[in-house]
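Residue numbers (the working numbering): 2 to 70.
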């Protein structure tokens, strides 16, 4: 479900983020994640990551640029 290089986050039931990870590698059964909080690599089962993690999306408001003439 996730691609290599994506920033993902594990969420609690309350909806708050628990920590951010970067997907480093994916094989048949496992993801290799770099945990930013622990500064370490972790191998986690694909089913666990797919169910517990969500992709981090940054909302950027587009600025409207008006040219004065």
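Note that the Cβ used here is the ideal one computed from N, Cα and C, for glycine as well.
Apart from the 5 residues on each side of it in sequence, residue 2 sits with its Cβ closer than 7 Å to the Cβ of 51 in its chain, given in chain order. According to DSSP, residue 52 shares a beta bridge with no other residue. When the five nearest sequence neighbours on each side are left out, the beta carbons in the same chain lying within less than 8 Å of the beta carbon of residue 22 are those of 8, 9, 10, 11, 34, 35, 36, 37, 43, 54, in order along the chain. With contacts defined as CB atoms closer than 9 Å, residue 47 and residue 26 fail to qualify as a contacting pair. Straight through space, the alpha carbons of residue 28 and residue 20 are spaced by roughly 22 Å.
Annotated as distal: residue 24 and residue 40, with beta-carbon spacing of 9 Å or more.
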